[in-house]
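Protein chains in written order, with this note's numbering: chain A, 0 to 263; chain B, 6 to 275. Glycine included, every Cβ here is placed at the ideal spot set by N, Cα and C. First up is the structure itself, then whatever we jot down about it.
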Amino acid sequence: MTTTVRSRRPRVAAAGWAPVRGLVPLGVLLVVWQIVGMVAPSPFFPPPTSWPAALTSLLPGGALAQGILSTLVTFAESLVIAFVLGSALGILIGRNRVVSAALAPLLDFFRYLPAVALVPLIVLFAGYTQTMKIYVVVFGAIWPILLQVRLVAGSLDPILDDVRRVLGLSRGAGLAKIVIPAILPGALLGLRLASPLTLILVLVVEISTQVSGLGRMLGVAQQSYLPAQVFGLIVIIGVIAILIDLAISIVERWALRYRPRREP
Amino acid sequence: MTLAPAKKVSRAARRTPRFRGSRILIGAVPLLVVIALWQVAKAAGALPFSTVPSPSDVAVAGYRLIADGELVAAVAHTLVAVILGWVVGSAAGLMLGIALGASATTWRWTMATVQVLRAIPAIAFVSIAVIVFSQTLTMEVVIAAWVAVWPVAISAMDGIRDVTPHHRELAHSLRMRPLARLIKIELPTAAPNVFVALRLSLGGSLALAIVAEIVGNPQGIGYALVQQQLALHADAMFAYIIVAGLIGLALNAAIQALAPLVPGTRGGRS
């Protein structure tokens, strides 16, 4: 009992991350782009070396840093709210079969409704504010989490209910000690699905309402016809997306550290 | 306590699938209740925003949009953009996936690039697409296609890499040419994977086409939503959003109907 065998497997980074050599095609693409851009300049595809220069006009007064921060804060706040709210609603709905079946058509509708279509509507009601941004993003990002948790909560082994009764745990304790750990992997899968969607929604809201953030900068650069700046911002957004992905997989591994890993 | 096991049995018995009819019925009840409550709350002035329309307003607005042909035109435009983009993007993704899955070496030398390109939110490319293609259908199709490429490419690549050594030996001993091997062994192995990806990317194409319409191309559902927002016509916006959800459902149902044709898929829901 006391001897816990710990299998120390080599830590594999996020799924499918081949070593650096996999980045060679991207490097080649950028080099070719650079050469073509210098030989035959195109107004639409400025060479990569011109991108950082185009971004410098955003630096004074920390505009770029503020934009990044604003986007990240909106992203984090929305994702946390969507995760907590989505998991809670998912458990409530999933644990009751009648409610779950009754709400199925409504939930299906929201699952297939492109969340971006809601942006103009919620903007109309909530106005052009930071709160509005969070409303829209949470409303769009909550569905993958809610649906995933509902699915897992609905298919929990009935034995778990007996375990609670045998141990004489109250419903509240059962929720904390049995149900929540059991749905956690599902909730985290929902989080993984929701996180890119959340980033997309944040950017869409920012582009279309121009309140603040990286999306606003993208929209402004587009309207002022500055392709080099747009490409620079795309690179920044890409880096952010990859870091977020990495962060989510770290959170996932940390939250599920007590479970044996099934896949190699 | 002692009754628990008996209860368990009855619960398990209840798990058996019921008639489809009763399922639809039980699903319709809350829908109608929500609509009725919404209507009553609106009439009683209990809604948080006074500008929220009542369901009957939405129905009237929807009818008006259908009657003057505006809704049909917007839906037709969006559908054309989505389907064109999805077909082009999926085809490109399939070819890319086949090329990258061809050998472990190509996989090793390209995987990180694919992951990086895929990770960049497609929405970020809308701005550059608007600059390059201006506000046209092409812009929308390119964006809708870009989203579809990556899931399909990765699923095809993974699927082809899943071919068992047994099947590989079979192809070898039958002296199959590469093309025959691709058609008879690799693609059927990858088919279930690719099918799931095609479904995902169809949803992605729909979402991005609508974004492209909101941000750039002045046509389709996305643009109609923005127009109605500027005109403060909340009722018409609700009508458009309901239609957008129905399109999402319909596209998914359409592709799901093809599941029995795909080798290795059960044709069941997922």
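Exposure label - A/Arg96; buried when at least 16 CB within 10 Å: The sequence position of residue 96 of chain A within the first sequence is 97, counting from 1. Label assigned to A/Arg96: exposed.
Three CB pairs or more closer than 8 angstroms across the stretch 102–118 of chain B and the stretch 160–175 of chain B: Remark: three or more beta-carbon pairs, one from each stretch, lie closer than 8 angstroms, so the stretch 102–118 of chain B and the stretch 160–175 of chain B are flagged as touching.
CB contact below 8 angstroms: A/Gln180 versus chain B: Taking the first sequence and counting its residues from 1, the one referred to as residue 180 of chain A is at position 181. It is worth fixing the name first, because residue 180 of chain A is Pro in this sequence and not Gln. Closer than 8 angstroms: no.
Distance CB(A/Val135)-CB(A/Leu155) smaller than 8 angstroms: For the purposes of this step, residue 135 of chain A is identified with residue 136 of the first sequence, where counting begins at 1. For the purposes of this step, residue 155 of chain A is identified with residue 156 of the first sequence, where counting begins at 1. Between A/Val135 and A/Leu155, the gap from beta carbon to beta carbon reaches 8 angstroms or more.
Proximal residues to A/Ala81 (C-beta, below 8 angstroms), its chain only, five neighbours per side dropped: The residue labelled residue 81 of chain A in the question sits at position 82 within the first sequence. Beyond the five residues adjoining it in sequence on each side, A/Ala81 comes within less than 8 angstroms, by CB distance, of Val136, Val137, Ala140, Ile141, Ile144, Ala193 and Thr197 in the same chain, given in chain order.
Reduced DSSP category for B/Ile125 - H, G, I as helix; E, B as strand; rest coil: Taking the second sequence and counting its residues from 1, one reaches residue 125 of chain B at position 120. Assigned with DSSP and collapsed to three states, B/Ile125 falls in coil, not helix or strand.
For A/Thr55, the first and last residue of its enclosing alpha helix (DSSP H): Taking the first sequence and counting its residues from 1, one reaches residue 55 of chain A at position 56. Ser49 to Thr55 is the span of the alpha helix (DSSP H), which, as asked, contains A/Thr55.
C-beta neighbour in chain A for B/Gln261, strict 8 angstroms: One-based indexing of the second sequence puts residue 261 of chain B at position 256. Any Cβ of chain A closer than 8 angstroms to the Cβ of B/Gln261 would place that residue at the interface, and such an atom is absent.
Beta-carbon neighbours of A/Gly218, restricted to chain B and to distances below 8 angstroms: For this step, residue 218 of chain A is matched to residue 219 along the first sequence. Neighbours of A/Gly218 on chain B, chain order: Ser132 and Val220.
B/Ala104 versus B/Met162 - alpha carbon distance: Within the second sequence, residue 104 of chain B is the residue found at index 99, counting from 1. Within the second sequence, residue 162 of chain B is the residue found at index 157, counting from 1. Those two C-alpha atoms are separated by around 8 angstroms.
Which listed residue (B/Leu76, B/Ala153 and B/Thr83) has its alpha carbon closest to that of B/Leu101: Looking up residue 101 of chain B in the second sequence gives position 96. When each option's Cα is compared against that of B/Leu101, the closest is B/Ala153.
Chain B contact for A/Asp156 (CB, 8 angstroms cutoff): Taking the first sequence and counting its residues from 1, one reaches residue 156 of chain A at position 157. By this cut-off, A/Asp156 is not an interface position.
Any C-beta of chain B under 8 angstroms from that of A/Gln221: The residue you call residue 221 of chain A lines up with position 222 of the first sequence. So, interface residue.
Helix, strand or coil at B/Ala236 according to DSSP, with G and I counted as helix: By one-based count along the second sequence, residue 236 of chain B stands at place 231. In the three-state scheme derived from DSSP, where H, G and I count as helix and E and B as strand, B/Ala236 is classed as coil.
Distance CB(A/Ile90)-CB(A/Leu102) smaller than 8 angstroms: Position 91 of the first sequence, counted from the start, is the residue given in the question as residue 90 of chain A. Position 103 of the first sequence, counted from the start, is the residue given in the question as residue 102 of chain A. In this structure, the beta-carbon distance from A/Ile90 to A/Leu102 does not fall below 8 angstroms.
Closest residue to B/Ala149 among B/Ala66, B/Phe138 and B/Val216 (Cα-Cα distance): As a working note, residue 149 of chain B is residue 144 in the second sequence. By alpha-carbon distance to B/Ala149, the top candidate from B/Ala66, B/Phe138 and B/Val216 is B/Val216.
Proximal residues to B/Ala79 (C-beta, below 6 angstroms), its chain only, five neighbours per side dropped: As a working mapping, residue 79 of chain B is identified with position 74 in the second sequence. If the five residues before and after B/Ala79 are omitted, its C-beta is found closer than 6 angstroms to the C-beta atoms of Gly225, Ile226 and Ala229, all from its own chain and listed in chain order.
Minimum Cβ-Cβ distance from B/Leu76 to chain A less than 8 angstroms: The residue you call residue 76 of chain B lines up with position 71 of the second sequence. With 8 angstroms as the cut-off, B/Leu76 does not count as an interface residue toward chain A.
Close beta carbons around B/Leu213, own chain, < 6 angstroms, minus the five adjacent residues each side: For the purposes of this step, residue 213 of chain B is taken as the residue at position 208 of the second sequence. Only Ala127, Ile148, Ala149 and Val152 meet the Cβ criterion.
4 or more residues per run - each alpha helix (DSSP H) lying fully within the stretch 173–231 of chain B: Counting whole runs of 4 or more residues, the stretch 173–231 of chain B contains the alpha helix (DSSP H) stretches 183–186 and 192–220.
Chain B within 8 angstroms of A/Phe108, Cβ atoms only: As a working note, residue 108 of chain A is residue 109 in the first sequence. Yes, A/Phe108 lies at the interface with chain B (some Cβ there is under 8 angstroms from its Cβ).
Proximity of A/Ile236 and B/Ala117 at Cβ, strictly below 8 angstroms: Here residue 236 of chain A corresponds to residue number 237 of the first sequence, with the count starting at 1. Here residue 117 of chain B corresponds to residue number 112 of the second sequence, with the count starting at 1. It is not a contact, given that the beta carbons lie outside the stated cut-off.
DSSP state of B/Leu142 mapped onto helix, strand, coil: What you label residue 142 of chain B is simply residue 137 of the second sequence in a count that begins at 1. The answer is helix: DSSP assigns B/Leu142 an H, G or I state.
Supposed close pair A/Ser248, A/Ala186 - CB separation, criterion 8 angstroms: Working through the first sequence from its first residue, we reach residue 248 of chain A at position 249. Working through the first sequence from its first residue, we reach residue 186 of chain A at position 187. The Cβ separation is near 15 angstroms, so there is no contact.
For A/Ile182 and B/Thr143, the rounded distance between their alpha carbons: Residue 143 of chain B sits at position 138 when you count from the first residue of the second sequence. Residue 182 of chain A sits at position 183 when you count from the first residue of the first sequence. Rounded to the nearest angstrom, the two C-alpha atoms are 44 angstroms apart.
B/Asp167, DSSP secondary structure in three states: Position 162 of the second sequence, counted from the first residue, corresponds to residue 167 of chain B. Correct three-state label for B/Asp167: coil.
Buried or exposed by the 16-neighbour rule on C-beta atoms within 10 Å, applied to A/Met37: Counted from its first residue, the first sequence places residue 37 of chain A at position 38. Here A/Met37 is exposed: its Cβ has fewer than 16 other Cβ atoms, across all protein chains shown, within 10 Å.
Chain B residues whose Cβ lies nearer than 8 angstroms to that of A/Ser207: One-based indexing of the first sequence puts residue 207 of chain A at position 208. Chain B residues near A/Ser207: Ile219, Val220 and Val231.
Proximal residues of chain B, C-beta to C-beta of A/Ile236 below 8 angstroms: As a first step, residue 236 of chain A must be located in the first sequence, where it is residue number 237. Those within 8 angstroms of A/Ile236 in chain B are Ile125, Pro126 and Ala129.
Rounded separation between B/Thr115 and B/Gly32 - CA only: The sequence position of residue 115 of chain B within the second sequence is 110, counting from 1. The sequence position of residue 32 of chain B within the second sequence is 27, counting from 1. Counting only the Cα atoms, B/Gly32 lies some 47 angstroms from B/Thr115.
CB contact flag (A/Pro45, A/Ala220, <8 angstroms): The residue labelled residue 45 of chain A in the question sits at position 46 within the first sequence. The residue labelled residue 220 of chain A in the question sits at position 221 within the first sequence. Judged by beta-carbon spacing, A/Ala220 lies beyond the 8 angstroms limit of A/Pro45, meaning their Cβ atoms are not closer than that value.
Cα-Cα separation between B/Glu145 and A/Val19, rounded to whole angstroms: In the second sequence, the residue the question calls residue 145 of chain B occupies position 140. In the first sequence, the residue the question calls residue 19 of chain A occupies position 20. Rounded to whole angstroms, B/Glu145 to A/Val19 spans 33 angstroms at the Cα level.
A/Phe108 beta carbon less than 8 angstroms from that of B/Gly209: Taking the first residue of the second sequence as 1, we reach residue 209 of chain B at position 204. Taking the first residue of the first sequence as 1, we reach residue 108 of chain A at position 109. The answer is no: Cβ separation not under 8 angstroms.
CB contact below 8 angstroms: B/Gly269 versus chain A: Counted from its first residue, the second sequence places residue 269 of chain B at position 264. Output row for B/Gly269: interface = no.
Amino acids of chain B, ordered along the chain, whose beta-carbon sits closer than 9 angstroms to that of A/Tyr257: For the purposes of this step, residue 257 of chain A is identified with residue 258 of the first sequence, where counting begins at 1. Per Cβ cutoff of 9 angstroms: no residues; A/Tyr257 is ~28 angstroms from chain B at best.
Start-to-end residues for the alpha helix (DSSP H) that takes in B/Arg69: To locate residue 69 of chain B, count along the second sequence from 1; it is residue 64. That run of the alpha helix (DSSP H) goes Pro60 to Ala72.
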